[in-house]
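S.K.:
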Amino acid sequence: MTKIAKQDFIFKKNMSIGEVDAENDMVFLESCFMDTGDYEALEDTASSKCIVMGRTGVGKSALLEQLEKNSERVIRINPEELALKHISNSNVLGFFESLGVDLDIFYSLLWQHTLVVELIKNKYDIDSAAAKRSFFERLAFLSSDPKKQQALNYIEEWGDKFWVDTETRIKEFTERLEESLKASVGTNIPGIKFTVAAGKTLTEEQKTEVVSYGKKVVSAVQIAKLAQLIKLLEEDIFTDPQKKTYVLIDRLDEDWVEDKLRYKLIRALIETVRKFRNIKTVKVAITLRTDLMERVLEHTKSSGFQREKYDSLFLRVAWGREHLGQLLDRRINYLLKHKYTSADVCFEDIFPARIEKQSSLDYMLDRTFLRPRDAIMFVNECLVEAQGKTQITNSIVQLAEKNYSIKRFESLTYEWLVEHPNLSKYLEFLSQKKSSFKVSSISSDELDSLVLELSGEPLEGADLLVKTSHEYMLAKYPNSVSHINLFKQYLLFILYRVGAVGIKVDGPSSVKWIHDRTQDLSPRKIEGTSIVYVHKMLWRALAIDKTS
0 MTKIAKQDFI FKKNMSIGEV DAENDMVFLE SCFMDTGDYE ALEDTASSKC
50 IVMGRTGVGK SALLEQLEKN SERVIRINPE ELALKHISNS NVLGFFESLG
100 VDLDIFYSLL WQHTLVVELI KNKYDIDSAA AKRSFFERLA FLSSDPKKQQ
150 ALNYIEEWGD KFWVDTETRI KEFTERLEES LKASVGTNIP GIKFTVAAGK
200 TLTEEQKTEV VSYGKKVVSA VQIAKLAQLI KLLEEDIFTD PQKKTYVLID
250 RLDEDWVEDK LRYKLIRALI ETVRKFRNIK TVKVAITLRT DLMERVLEHT
300 KSSGFQREKY DSLFLRVAWG REHLGQLLDR RINYLLKHKY TSADVCFEDI
350 FPARIEKQSS LDYMLDRTFL RPRDAIMFVN ECLVEAQGKT QITNSIVQLA
400 EKNYSIKRFE SLTYEWLVEH PNLSKYLEFL SQKKSSFKVS SISSDELDSL
450 VLELSGEPLE GADLLVKTSH EYMLAKYPNS VSHINLFKQY LLFILYRVGA
500 VGIKVDGPSS VKWIHDRTQD LSPRKIEGTS IVYVHKMLWR ALAIDKTS
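Counted the way numbering that gives the first Met the number 0 counts, the sequence shown spans residues 0 to 547.
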């Protein structure tokens, strides 16, 4: 390939190879989408891969956007548009859950009910009473089968409310359970108030009674009929292998409901997705951030959720250097071809051959988490700095790197805000350190300073490091020694987990990074002789000393 003639070309203002989020990147996505093998697995309804999992910026939403673009029958469910805040604000459900009534079955049925209705409505274009009658007429031949008649009865029992919008339907579904729960207890314990505060005033005998009544009501929810309805979809409705239907659910990591309930609903959704795998021409595909999945597992342990049972559903999105290079080539070509040259243009045509004794591409990818978002952002920063210039030079790349590094620092703290609200302080701990250093080189003064700062943070919602800082402040010698060592291990492990550092545990081992598939690092394995490597993405933001 030939370099663009410098006399004919000047980098202009607002040049960009795309946006960082799929929703605002449709122009480039349509022309430059690249399948690394993940799209093919997601599109295949026979494949079990339906939970698209990965870190922020790895391309999860882009896969769903592409699937929607290429498919005829697609149903989008936006969590924000569901009436789930009604559940979160329900005094009745809060009352029963606070006393120990497990509502997991209800959450699972909520998703099943929602998906069943959306699929039937989409299949038969049911938007009126006439369309509803037509639907029942088509399935009249099933009435001789008792189990399938039971499924049809489920729809009839809901009446017109079965076909209303999703938000109204979920609200109705919730209110039915609330009324049943209230009725079950109200007749046996007159005058009871259904609030969490009121639950605390009940005697142990009354609490036992309430839990007993509540469990009976939840168990009586129409599980069997709904199960038959799903089977009916499988055997009698969605049977044409040429007509595939996709239900897409994205943005589960956003604030569509308070966290505690969100974890339960996501766990219930994962179980529901698994149930719908039996419908061979339907695929329910959802996206999940890796850290959100970890929090779901952490907060729903008591529900008997076993990750191993669901591993086959996970489509783990990851990128290699070669694919990222090809992605940048496509986007650069789309930006520049036809506007400035008739020939194809790629990365190496506009970037210098080498930077600091390595190729420009390797230099830049070394400063990413091997995610499309990082690579696109870095190139965009270079284009900003190159405005009015005829070429991108080494100095332009390194000037762009400073802004890029600062923005990546900020994005990292935002990405992990829920789990590690004080991550910016943990990252600042690395400020002005060497690019690699022994764990034993961390001084007591450095640790004490951070401990003192974190011990002033509230314990509610705190991560393990803040909790350990509180424990250290209360500990006395010699117990305080073990606490400070534990604090150091937790600090480095968190930095490793978010991708800020890699760790070489001992001499024979290689450097472990969180994106390594075989990584098995734990805090206890980090010793004084272990070596910490600061990720190059953060070197400029943290003023890292490159001399090791």
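Quick reminder that beta carbons are idealized off the backbone N, C-alpha and C, glycines included.
1) Pick helix, strand or coil for residue 246, following the three-state DSSP scheme.
2) Count the other CB atoms within 10 Å of the CB of residue 245; is the residue buried (16 or more) or exposed (fewer)?
3) According to DSSP, is residue 313 helix, strand or coil?
4) Between residue 183 and residue 213, what straight-line distance do the alpha-carbon atoms span, to the nearest angstrom?
5) Which partner residues of residue 533 appear in the DSSP bridge assignment?
6) Rank 378, 356 and 408 by C-alpha distance to the C-alpha of residue 349 and give the top, closest one.
7) Given this structure, state the Cα-to-Cα distance separating residue 202 from residue 217, to the nearest angstrom.
8) Quick one: Cα of residue 262 to Cα of residue 374, how far?
9) Apart from the five residues just before and just after residue 371, which ones in its own chain have a Cβ nearer than 8 Å to its Cβ?
10) For the stretch 386 to 439, list the beta strand (DSSP E) runs that are entirely contained and at least 3 residues long, ordered along the chain.
11) Which term fits residue 306, buried or exposed, when burial requires 16 or more other beta carbons within 10 angstroms of its beta carbon?
12) Alpha carbon to alpha carbon, how far is residue 472 from residue 451?
13) Would residue 299 and residue 266 be called neighbours here (beta carbons separated by less than 8 Å)?
14) Find out if the Cβ-Cβ distance for the pair residue 488, residue 539 is shorter than 8 Å.
15) Looking at C-beta atoms only, is the number of pairs between the stretch 147 to 167 and the stretch 216 to 234 that lie closer than 8 Å three or more?
16) Between the Cα of residue 632 and those of 531, 470, 521 and 477, spot the shortest distance and give me the residue it belongs to.
17) From 511, 475 and 477, pick the residue whose C-alpha is nearest to that of residue 492; which is it?
18) Tell me which residue opens and which closes the beta strand (DSSP E) that residue 287 is part of.
19) Compare the C-alpha of residue 457 against each of 428, 279, 431 and 420 and name the closest.
20) Going along the chain, which residues of its own chain have a beta-carbon closer than 8 Å to the beta-carbon of residue 0, five neighbours each way excluded?
21) Let me know the secondary structure DSSP gives residue 336 once reduced to three states.
22) Give every residue of the same chain whose Cβ lies closer than 6 Å to the Cβ of residue 320, excluding the five residues on either side of it in the sequence, and list them in chain order.
23) Tell me the rounded alpha-carbon separation between residue 514 and residue 368.
24) Give me the Cβ distance between residue 314 and residue 407, rounded to the nearest whole Å; I'm assuming they're in contact under 8 Å.
25) Report the CB separation of residue 10 from residue 386 in whole angstroms; it is logged as a contact under 8 Å.
26) Would you report the Cα separation of residue 107 and residue 276, rounded to the nearest angstrom?
27) Are residue 194 and residue 113 touching if we call contact CB-CB under 8 Å?
28) Measuring CB atoms only, is the stretch 281 to 294 touching the stretch 240 to 254, in the sense that at least three cross pairs come out at less than 8 Å?
29) Check whether the Cβ atoms of residue 330 and residue 27 sit closer than 8 Å, and answer yes or no.
30) Could you give the residue range of the alpha helix (DSSP H) that holds residue 74?
31) With distances taken between CB atoms, is the gap from residue 333 to residue 143 smaller than 8 Å?
32) Can we say the stretch 96 to 105 touches the stretch 203 to 210, given the rule of at least three CB pairs closer than 8 Å?
33) Checking 8 Å against the spacing of the C-beta atoms, do residue 87 and residue 291 come in under that value?
34) Let me know the secondary structure DSSP gives residue 229 once reduced to three states.
M.R.: Answer, in terms of the structure:
1) Translated into positions along the sequence shown, residue 246 becomes position 247. Residue state, collapsed to three classes: strand.
2) Start at 1 with the first residue of the sequence shown, and residue 245 comes out as number 246. The residue in question, residue 245, is buried, as its Cβ has 16 or more Cβ neighbours within 10 Å.
3) As a working note, residue 313 is residue 314 in the sequence shown. DSSP places residue 313 in strand when its eight states are reduced to three.
4) Residue 183 sits at position 184 when you count from the first residue of the sequence shown. Residue 213 sits at position 214 when you count from the first residue of the sequence shown. One C-alpha to the other measures close to 7 Å.
5) Indexing the sequence shown from 1 puts residue 533 at position 534. 500, per the DSSP bridge assignment.
6) As a first step, residue 349 is located in the sequence shown; it is residue number 350 there, counting from the start. Here the closest residue by C-alpha is 378.
7) The count along the sequence shown starts at 1 and reaches residue 202 at position 203. The count along the sequence shown starts at 1 and reaches residue 217 at position 218. The alpha-carbon atoms of residue 202 and residue 217 are separated by roughly 22 Å.
8) For the purposes of this step, residue 262 is taken as the residue at position 263 of the sequence shown. For the purposes of this step, residue 374 is taken as the residue at position 375 of the sequence shown. Their Cα atoms are separated by approximately 31 Å.
9) Translated into the one-based positions of the sequence shown, residue 371 becomes position 372. If we look at residue 371 and ignore the five residues flanking it on each side, its Cβ neighbours are 56, 57, 58, 61, 318, 323 and 326.
10) 435 to 437
11) Here residue 306 corresponds to residue number 307 of the sequence shown, with the count starting at 1. Residue 306 is exposed by the Cβ-count criterion.
12) As a first step, residue 472 must be located in the sequence shown, where it is residue number 473. As a first step, residue 451 must be located in the sequence shown, where it is residue number 452. About 8 Å.
13) Counting from 1 along the sequence shown, the entry for residue 299 is found at position 300. Counting from 1 along the sequence shown, the entry for residue 266 is found at position 267. Result yes, Cβ atoms of residue 299 and residue 266 sit closer than 8 Å.
14) If you number the sequence shown from 1, residue 488 lands on position 489. If you number the sequence shown from 1, residue 539 lands on position 540. In this structure, residue 539 does not lie closer than 8 Å to residue 488 by Cβ.
15) yes
16) The requested residue 632 is not part of the displayed model; the chain covers only 0 to 547.
17) The residue labelled residue 492 in the question sits at position 493 within the sequence shown. When only C-alpha atoms are compared, the closest one is 511.
18) Translated into positions along the sequence shown, residue 287 becomes position 288. Residue 287 -> beta strand (DSSP E) spans 281 to 288.
19) Reading the sequence shown from its first residue, position 458 is the one you call residue 457. Of the candidates 428, 279, 431 and 420, the one whose C-alpha sits nearest the C-alpha of residue 457 is 420.
20) Counting from 1 along the sequence shown, the entry for residue 0 is found at position 1. Low per-residue confidence applies at residue 0: pLDDT is 43, beneath 50, and the placement is therefore not dependable enough to give any value.
21) Mapped onto the sequence shown, residue 336 falls at position 337. Correct three-state label for residue 336: strand.
22) Residue mapping note: residue 320 aligns to position 321 of the sequence shown, counting from 1. Taken in chain order, the residues that qualify are 364.
23) Your numbering for residue 514 matches position 515 in the sequence shown. Your numbering for residue 368 matches position 369 in the sequence shown. Rounded to the nearest angstrom, the two C-alpha atoms are 8 Å apart.
24) The residue you call residue 314 lines up with position 315 of the sequence shown. The residue you call residue 407 lines up with position 408 of the sequence shown. Not quite, the Cβ-Cβ distance comes to about 25 Å (not below 8 Å), so this is no contact.
25) Position 11 of the sequence shown, counted from the start, is the residue given in the question as residue 10. Position 387 of the sequence shown, counted from the start, is the residue given in the question as residue 386. Confirmed, about 6 Å.
26) Locating residue 107 in the sequence shown gives position 108, counting from the first residue. Locating residue 276 in the sequence shown gives position 277, counting from the first residue. Roughly 15 Å between the two C-alpha positions.
27) For the purposes of this step, residue 194 is taken as residue 195 along the sequence shown, with counting starting at 1. For the purposes of this step, residue 113 is taken as residue 114 along the sequence shown, with counting starting at 1. Not in contact: residue 194 and residue 113 (Cβ atoms no closer than 8 Å).
28) yes
29) As a first step, residue 330 must be located in the sequence shown, where it is residue number 331. As a first step, residue 27 must be located in the sequence shown, where it is residue number 28. Against a cut-off of 8 Å, the Cβ pair of residue 27 and residue 330 comes out as a contact.
30) In the sequence shown, residue 74 corresponds to position 75, counting from 1. Taken as a continuous stretch (DSSP letters only), residue 74 belongs to no alpha helix (DSSP H), being part of the beta strand (DSSP E) at 72 to 76.
31) For this step, residue 333 is matched to residue 334 along the sequence shown. For this step, residue 143 is matched to residue 144 along the sequence shown. No, they are not a contact pair.
32) yes
33) Residue mapping note: residue 87 aligns to position 88 of the sequence shown, counting from 1. Residue mapping note: residue 291 aligns to position 292 of the sequence shown, counting from 1. Not a contact, by the Cβ cut-off of 8 Å.
34) Numbered from its first residue, the sequence shown carries residue 229 at position 230. Residue 229 falls in the helix class under three-state DSSP.
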